[in-house]
Amino acid sequence: MNKEFFEAVQLLETEKGISSEYLYDKIKAAIISATRSTYGNRDIVVCDIDPEAQSMRVYVRKNVVEEIEDEYADMTVEQARAYNKNAVVGGTVEIDLEPKKFGRIVAQTAKSVIRQGIREAERELANKEFSDRHQEVVTAKIQFVDSETGDATIEIGRATAVLSRNEQLPNDSLEAGQLVKVYVAGTPEDKGGYAQISRKHPGLVKRLCETEVPEIYEGVVEIISVSREAGSRTKISVKSNDENVDPIGACIGPRGARVNNIVELLGGEKIDIVRYSEDPTQYISAALAPADILSVQTEPDGSKSCHVVVPDNQLSLAIGNKGQNVRLAAKLTGWKIDIKPLSKSAE
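Residue numbering for the sequence shown follows my numbering, beginning at 77 and increasing consecutively.
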């Protein structure tokens, strides 16, 4: 029985990544907790586990006294010498308990505490897994997709989490066994006990750019801002810290290879790469690409509002489908943008 017990603990350590030392501590605590009730809930039950010798010992330690004051914790010399012939008043005696004497109720209680300990250990491991990868992109394996809600249970390392349908891309069609890139947006510590996993977060695009573009990873090219409508379109503003490096060209890559890799990972989401400028008029003009901009006039009151004039035939392009282009440009630059065609600019 001992051999099977210790083999089972080693198997749990291997499969779930929970240290055997942690499990033994929980098992000892469970056995002690379940057994104490038999002894008036006195703190006299002891459990020793020796993994190397593959032995377990559970015993009660009682005080040897002349006159019994506590029937659970005390024992006379005559009684004690039945267990230890050298027992004397003022000492203690250890009485071994056989596992079969624990009883069914005690065994069930111990089993419940052990299971709870394993769940706590798994939760701690999961929390560490997500804390270590906070604000990072990881490859997750889809374990299960709920056919009703569309929520997907995913596996990241030894931890599992839920990728809700609201955090998936609109065109995602996830299946069990599929590998997908996800962003760890929040850890269980700061999100009410649950890790926040997302494929819609702007941070996903930023981290993918760092992966695909060495210049970004090395700090030569810097991402200033990201605005995203997940599954449809993203705008990224970049600048170069080296005058010899073109930030847009670095992000696009040879024949568009780098940006195309990111687009593929995002299921075809369009990506606009914009050159950042400290001059608001240049920055806003670049953010409204692919439309041609005639002029950008900023409000003098410092309200970060501006008026943009475009050729009449460029108005719909500047605004974009359902206002998407100007909306993303405003989010990217942090400016409120009012667009008018040239024919009405005098007004």
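We treat Cβ as the ideally placed atom computed from N, Cα and C, and that holds for glycine.
Residue j beta carbon less than 8 Å from that of residue i
i	j	result
Asp-414	Val-386	no
Val-140	Val-164	yes
Ala-333	Glu-291	no
Pro-278	Arg-309	no
Val-296	Val-321	yes
Val-85	Thr-111	no
Gly-307	Pro-246	yes
Ile-299	Val-314	yes
Arg-283	Glu-212	yes
Arg-234	Glu-200	no
Thr-114	Arg-137	no
Val-221	Leu-255	no
Thr-357	Val-372	yes
Lys-407	Asp-348	no
Asp-368	Gln-400	no
Arg-241	Thr-225	yes
Phe-81	Pro-127	no
Residue i, enclosing beta strand (DSSP E) - first and last residue
i	result
Ile-415	412-417
Arg-170	According to the sequence provided, residue 170 is Glu. The question's Arg does not apply to it. Where Glu-170 is concerned, the enclosing beta strand (DSSP E) stretches over 168-172.
Ala-216	213-221
Ile-347	346-351
7 Å Cβ shell around residue i - same chain, five flanking residues per side excluded
i	result
Val-214	Ile-232, Val-258, Val-260
Gly-262	Ala-271, Gln-272
Lys-380	Gly-410, Trp-411, Lys-412
Neighbourhood of residue i by C-beta distance below 6 Å, restricted to the same chain and skipping five residues each side
i	result
Ala-362	Val-350, Arg-351
Ser-353	Tyr-359
Cβ shell of residue i (< 8 Å), same chain only, five flanking positions each side left out
i	result
Ile-194	Leu-88, Lys-92, Ile-94, Leu-99, Lys-102
Thr-236	Ala-202, Gln-219, Thr-229, Ile-230
Val-238	Asp-227, Ala-228, Thr-229, Ile-230, Tyr-270, Ile-273
Gly-343	Leu-245, Asn-247, Asp-248, Gly-307
Val-402	Leu-364, Ala-394, Ile-395, Gly-396, Ile-413, Ile-415
Lys-346	Ser-308, Arg-309, Thr-310, Val-339
Leu-418	Leu-370, Val-385, Val-386, Pro-387, Asp-388
Glu-142	Thr-152, Val-153, Val-165
Start-to-end residues for the alpha helix (DSSP H) that takes in residue i
i	result
Ser-113	It is not in any alpha helix (DSSP H) - Ser-113 carries neither H nor E in the DSSP assignment.
Tyr-429	Outside the displayed range of the chain (77 to 423) lies residue 429, so it cannot be described from this structure.
Ser-361	356-363
Lys-407	400-409
Ile-338	333-341
Ile-369	No alpha helix (DSSP H) holds Ile-369; DSSP gives it neither H nor E.
Ser-392	391-395
Ile-94	Ile-94 -> no alpha helix (DSSP H), and no H or E assigned at all.
Ile-324	323-328
Query raised in the report: Which ranges does the beta strand (DSSP E) cover as unbroken runs of at least 3 residues, wholly within the region 226-251, from first to last along the chain?
Result: 228-232, 235-239
Query raised in the report: Which runs of the alpha helix (DSSP H) fall wholly inside the region 262-300 and span at least 4 residues, in chain order?
Result: 278-288, 290-293
Query raised in the report: Does the pairing of the region 103-121 with the region 147-163 give three or more beta-carbon distances under 8 Å?
Result: yes
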